[in-house]
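Engineer: Using the working numbering, the letters of the sequence shown correspond one by one to residues 129 to 265.
Structure in structure tokens, see below.
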Amino acid sequence: MPHLTTRPQGTHLTADLAGCHAAHPWMTQPEALRQACLLAVAEAGLQAVGERFHGFEPAMGHQTAGVTGVVLLAESHLAVHTWPELGVVTLDVFVCNLLSDNAARAQQLLDRLVAGFEPERQSRHTLLRALPDARST
Numbered sequence: 129m130p131h132l133t134t135r136p137q138g139t140h141l142t143a144d145l146a147g148c149h150a151a152h153p154w155m156t157q158p159e160a161l162r163q164a165c166l167l168a169v170a171e172a173g174l175q176a177v178g179e180r181f182h183g184f185e186p187a188m189g190h191q192t193a194g195v196t197g198v199v200l201l202a203e204s205h206l207a208v209h210t211w212p213e214l215g216v217v218t219l220d221v222f223v224c225n226l227l228s229d230n231a232a233r234a235q236q237l238l239d240r241l242v243a244g245f246e247p248e249r250q251s252r253h254t255l256l257r258a259l260p261d262a263r264s265t
């Protein structure tokens, strides 16, 4: 049986934000969030290859509704989900590190978006992704 080893494949960053202002345009306006994400991606030196942003209809009893957005990157992806009625945002950035180390770019992208949402509280996590190398050793 081949020996399975792992080698670093990418950096996966998440941020859960609370205390974000419901009136912030990024919370409820798909186009505003789209423009902010694409600008942050470009400023971080990453390459967008596709994107999709969707604004939801307010649920009964609520005045606002959130946005879900995804930017496909040549390096992997950015995903954003907003809940203005709760003041909550989740961010997910994954970048591959196969040909070059994109960890600093991923951190810059996440930092830019977190700062833009101006949360009162945040929780961040970093996962260094690794895939098994099934080649015999």
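Where is the CB? At the ideal position from N, CA and C, for every residue including glycine.
Secondary structure at residue 187, three-state DSSP: helix, strand or coil?
Structural biologist: Here residue 187 sits in coil by DSSP.
Engineer: Check residue 171 in the structure and name its three-state DSSP category.
Structural biologist: Helix at residue 171.
Engineer: For the alpha helix (DSSP H) holding residue 238, just list the boundary residues, first then last.
Structural biologist: Start and end: 231 to 245.
Engineer: Over what stretch of residues does the beta strand (DSSP E) that includes residue 192 continue unbroken?
Structural biologist: Unbroken run through residue 192: none, as it is neither H nor E.
Engineer: For residue 179, which of helix, strand or coil comes out of DSSP?
Structural biologist: Looking at residue 179 - three-state DSSP - the assignment turns out to be strand.
Engineer: Determine the DSSP secondary structure at residue 200, reduced to helix, strand or coil.
Structural biologist: Residue state, collapsed to three classes: strand.
Engineer: Please report the Cβ distance between residue 196 and residue 209, rounded to the nearest whole angstrom; I am assuming they are in contact, meaning their Cβ atoms lie under 8 Å.
Structural biologist: Yes, they are in contact, since the Cβ atoms of residue 196 and residue 209 sit about 5 Å apart, within 8 Å.
Engineer: Please list the terminal residues of the continuous alpha helix (DSSP H) segment that includes residue 153.
Structural biologist: Unbroken alpha helix (DSSP H) run through residue 153: 153 to 156.
Engineer: What separation, rounded to the nearest whole angstrom, lies between the Cα atoms of residue 156 and residue 165?
Structural biologist: Straight-line Cα distance between these residues: approximately 14 Å.
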